[in-house]
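Notes to accompany the following structure.
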Amino acid sequence: MDPDAPRTAAGAKPVDLSATHCQPRTTDSRNNTSPKCQRKCPRRKTGGRARWMRMPRPIHAWPAHRGSCVATSRGDIGFSGGNALAGRYHAFISYSHADETWARWLQRALERYRVPKRLRQRENADLLPARLYPVFRDRDELASADDLSAAILRALAESGALIVVCSPAAAASRWVNEEIRYFQARGLSHRVFCLLVAGSPDPSASDCAFPPALLHNADGSPRHEPLAADVFSDGKHNALLKIAAGLLCVGVDDLKRRDAQRRAWIRSMLTTGLLVISTVTVSLAIVAYLSRQESEVRRGQAEHLINFMLGDLRSKLEPLGKLDLLDAVGDQAENYFDALGDRGTATEVLARAIALRQIGEVRFSQGRLKPALAAFRKSLAQAQALYTREPENNDYLFELGQAEFWVGYVAWQRNDLDFADNALERYMQRSRELLAREPKNAGYKRELAYAYSNLGSVARERGMASDALGHFNDSQAVLRQLLVDSPNEDALIFDLSEGMSWIGSTLLDLGRIAESEQAFRETYDLLAKLHATGENPRYSNRYGVAGTFLALALTHQGKVAEAKALLDESTRVCQALVDHDPSNAEWRYSLYNSQRAQAELARATGEFGLADRLLTRAHTGFSQLVTEDPSNHDYPRTLAMTERLQALRVLDIGHPELAMSPAISAMARADAAMDEKGRDSAKLDTAQIAETLGRIQHAAGQTALAEASWSKARELLKNGAQTGVMNMLLRAELAQDSGDTAQALALADTLRSAGFNDPRYPLPTREQ
5 MDPDAPRTAA GAKPVDLSAT HCQPRTTDSR NNTSPKCQRK CPRRKTGGRA RWMRMPRPIH
65 AWPAHRGSCV ATSRGDIGFS GGNALAGRYH AFISYSHADE TWARWLQRAL ERYRVPKRLR
125 QRENADLLPA RLYPVFRDRD ELASADDLSA AILRALAESG ALIVVCSPAA AASRWVNEEI
185 RYFQARGLSH RVFCLLVAGS PDPSASDCAF PPALLHNADG SPRHEPLAAD VFSDGKHNAL
245 LKIAAGLLCV GVDDLKRRDA QRRAWIRSML TTGLLVISTV TVSLAIVAYL SRQESEVRRG
305 QAEHLINFML GDLRSKLEPL GKLDLLDAVG DQAENYFDAL GDRGTATEVL ARAIALRQIG
365 EVRFSQGRLK PALAAFRKSL AQAQALYTRE PENNDYLFEL GQAEFWVGYV AWQRNDLDFA
425 DNALERYMQR SRELLAREPK NAGYKRELAY AYSNLGSVAR ERGMASDALG HFNDSQAVLR
485 QLLVDSPNED ALIFDLSEGM SWIGSTLLDL GRIAESEQAF RETYDLLAKL HATGENPRYS
545 NRYGVAGTFL ALALTHQGKV AEAKALLDES TRVCQALVDH DPSNAEWRYS LYNSQRAQAE
605 LARATGEFGL ADRLLTRAHT GFSQLVTEDP SNHDYPRTLA MTERLQALRV LDIGHPELAM
665 SPAISAMARA DAAMDEKGRD SAKLDTAQIA ETLGRIQHAA GQTALAEASW SKARELLKNG
725 AQTGVMNMLL RAELAQDSGD TAQALALADT LRSAGFNDPR YPLPTREQ
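Going by my numbering, the first residue of the sequence shown is number 5, and it counts up by one from there.
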């Protein structure tokens, strides 16, 4: 099918051409030519895109100004005045369907084009339309036409101008040529405009873009070379302006100038708009910045207040025994830090890590291990993030080590020695790295001493007494070196006393009773001086605990009177602390342990009434601690040891059946508090309870159950410190229970040679 389908019938009658839209130029009736252009036009290279060129025949030029179609000195042709655009359509676009894309663009561009307002005001608004709308294009306008030919002719008759989309396809189209002929027949040849979209403007070229009707009259005589706007050489926008200038009968320069003014105005408005938007944006940014600054100031103030409460205020409340006042502060601060996440500067994040650690320390001192561990883990996460971001920063490394210590310490308290060992080993690595960076830093040296002591504590609980003693001695060596430079520093003296206490306990594990007494006495003397100042209740609490330990070492050697005096003093000091702050779990635990030790010694010396009263108080106190924090394995274990003593008191008066109940309860608590990762001290206590239960079962005539209980005790002691005083004592008692007198006597001799003469645990003799 021919792509240029016919749009008019072959013998269609001409339409009424009497109506004209613009006065035609005066032409030579003989050859229908217009006056020659008085300006020479530049020549055009053959074979390129259409440009303005001088041809052998005169050519038409686009109007440079409004008025009659006359040649100007600039080579431009104007048009006569009058409303040339009256009619239904401003223009009729004639095109080959091969050029439909260009025709569609031209139609839309013309219909969207707005005639400059100032130009209309200058020329008289009645003569120029505001817009070139509508423009006829057959594909859009003939969709509902009944008679194609009539519609085309009617559209041509109602159009003020004809725009030919010129291309080789248009030049070959019969129907484009016929449309031009019809329009020329109306006497509107001067209202025919060309848009060159392909091919050459040279009539002799093989790809000439102009249809024959533009080059020759109907009788074959040549016409003036048509003038075309070239979309390639002029550019689409300039080509559009040339077409618009012709339709409006105004000069191209006028349109270009007005268009440039309009574009400048638009740019000015855009620039103004952008400036306004920028001003508003900057203003909003300034307001947001000031608001953020104010928010950061308030946040900084809030965090500073939290740090003050958990730091300075805590140090003031602790001597008063009022740490419970910080509970609400700690809970609210933790929620506040959770909401912030890791936002803020590095300094702020570090402050949060410290504050979270301090929250954990307050909770730990209250015996609330689970919430304390939660706070320590959050502190660890904050410190780890800071250290990962800047590993060379000593403050971040230090705080990371602190958090790892506390996480490990809580694990130790909860009987998870594997986790505790790993965490405390990392703490040791951090301490060594800090000291390697600053070898003369006293604070970092102290951290190293703490790290040695912590590893010693874990080793001792694993039953590795010799390794533990080595760690403790390393710690003491560092502290004594520091004490040379700061002999009167209370905190340093306190740390030294703590290390000596651990050494005393480890010496007992090694069966070195006399040496342990010396270590405990040194501890007691150091703490007595600190307690005498009355400045820090923590020192007073440890003074009471040191008295209990020293009393234990003295009792092992039969020095009962001095041991009683020490236990009375310890109970008095711890009771005063608890009366001062009943919420402090650490102080309460120290008091109940001292009361239990008093009760055990009172039983051994025949003070049964005092022993019963003290055991009741201790049992009540430990029961409360277990209820408040069941995650702390020390609480149920010490409660079980108290119930063991109560069972023995009932057995003392000859009621093994009644003694069975507290003994079974003690065994159940001890088993629940100890798992496969249990500490050596926990295994030792559980074995002692099992031996007591077997003794009660044997007295009640339950021989098989008694043998099972004693077998359980022996299994628990198998991997413990065999040289420990309590280990040897229990093995001697178990040997005696089972009738192995030889082994019982051998162990008893070993204990006596070490100075053991404890009235609570009478040793078998050869005379028995």
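Every residue gets a Cβ at the ideal spot worked out from N, C-alpha and C, and that includes glycine.
How is residue i classed by DSSP in three states: helix, strand or coil?
i, result
"C26", "Because C26 sits at a pLDDT of 38, beneath the cut-off of 50, its placement in the model cannot be relied upon, and the point is left open."
"F197", "strand"
"A189", "helix"
"Q305", "In this predicted model, Q305 has a pLDDT of only 47, less than 50, meaning its place in the structure is not dependable; the value taken from the coordinates is given anyway. If DSSP states are grouped into helix, strand and coil, Q305 belongs with the helices."
"Y93", "strand"
"H560", "helix"
"P443", "coil"
"S163", "strand"
"P763", "coil"
"P666", "helix"
"G82", "A caution first: G82 carries a pLDDT of 33, below 50, which makes its placement in the model unreliable, though a value can still be read off. DSSP places G82 in coil when its eight states are reduced to three."
"P226", "strand"
"R135", "strand"
"R118", "strand"
"R237", "Checking the displayed sequence, the identity of residue 237 turns out to be Ser instead of Arg. Note: S237 maps to coil in three-state DSSP."
So, is residue i buried or exposed, given that buried needs 16 or more other C-beta atoms within 10 angstroms?
i, result
"R267", "exposed"
"S479", "buried"
"P443", "exposed"
"G364", "buried"
"G164", "buried"
"T527", "buried"
"D489", "exposed"
"H94", "buried"
"R207", "One point to set straight first is that residue 207 is Pro, not Arg, in the sequence displayed. Classification for P207: buried."
"D258", "buried"
"S210", "exposed"
"E229", "buried"
"L661", "The residue asked about is misnamed: residue 661 is Glu in this sequence, not Leu. Exposed: under 16 other Cβ atoms inside 10 Å."
"A173", "buried"
Less than 9 Å between the C-beta atoms of residue i and residue j, yes or no?
i, j, result
"L755", "G515", "yes"
"A107", "Y117", "no"
"Q602", "D633", "no"
"P763", "A736", "no"
"L132", "L244", "no"
"C170", "L199", "yes"
"A589", "R430", "no"
"D741", "H702", "yes"
"D751", "M732", "Looking at the sequence itself, residue 751 is Leu, so the reference to Asp does not match. Contact: yes."
"N242", "A233", "yes"
"L452", "V482", "yes"
"F197", "G250", "yes"
Which stretch, first to last residue, makes up the beta strand (DSSP E) that contains residue i?
i, result
"L496", "Per DSSP, L496 belongs to no beta strand (DSSP E); it is in the alpha helix (DSSP H), D494 to D513."
"I167", "L166 to C170"
"D234", "A232 to D234"
On the DSSP letters alone, give me the boundaries of the alpha helix (DSSP H) that residue i sits inside.
i, result
"I247", "K240 to L252"
"C212", "Taken as a continuous stretch (DSSP letters only), C212 belongs to no alpha helix (DSSP H), as it is neither H nor E."
"V582", "V564 to H584"
"F140", "Where F140 is concerned, there is no enclosing alpha helix (DSSP H), although the beta strand (DSSP E) it sits in stretches over V139 to R141."
"H101", "Looking at the DSSP string, H101 is not in any alpha helix (DSSP H), and its letter there is neither H nor E."
"R600", "A589 to A608"
"K716", "T707 to L721"
"P776", "In the structure as shown, the chain starts at 5 and stops at 772, and residue 776 therefore has no counterpart that could be examined."
"L382", "Just to set this straight, residue 382 is Lys in the shown sequence, not Leu. Unbroken alpha helix (DSSP H) run through K382: L373 to R393."
"A472", "A469 to D489"
"Q370", "Per DSSP, Q370 belongs to no alpha helix (DSSP H) and is neither H nor E."
"L401", "N398 to Q417"
"N731", "V729 to D741"
"S778", "Shown here, the chain extends from 5 to 772; a query on residue 778 therefore has no answer."
"T349", "T349 -> no alpha helix (DSSP H), and no H or E assigned at all."
"V630", "F612 to E632"
"S4", "Not covered by the structure: residue 4. The range shown for the chain is 5 to 772."
With a threshold of 9 Å between beta-carbons, can residue i be considered close to chain D, or not?
i, result
"R607", "Included in the structure is just one protein chain, with no chain D present."
Rounded to whole angstroms, how far is the Cβ of residue i from the Cβ of residue j, which I believe are closer than 8 Å?
i, j, result
"E502", "S685", "Rounded, the Cβ-Cβ distance is 17 Å, inconsistent with contact."
"L532", "Y547", "A small correction: the amino acid at residue 532 is Ala; Leu does not occupy that position in the sequence shown. Their Cβ separation, rounded to whole angstroms, is 6 Å, which keeps A532 and Y547 in contact under 8 Å."
"R356", "Q386", "6 Å"
"V582", "L595", "5 Å"
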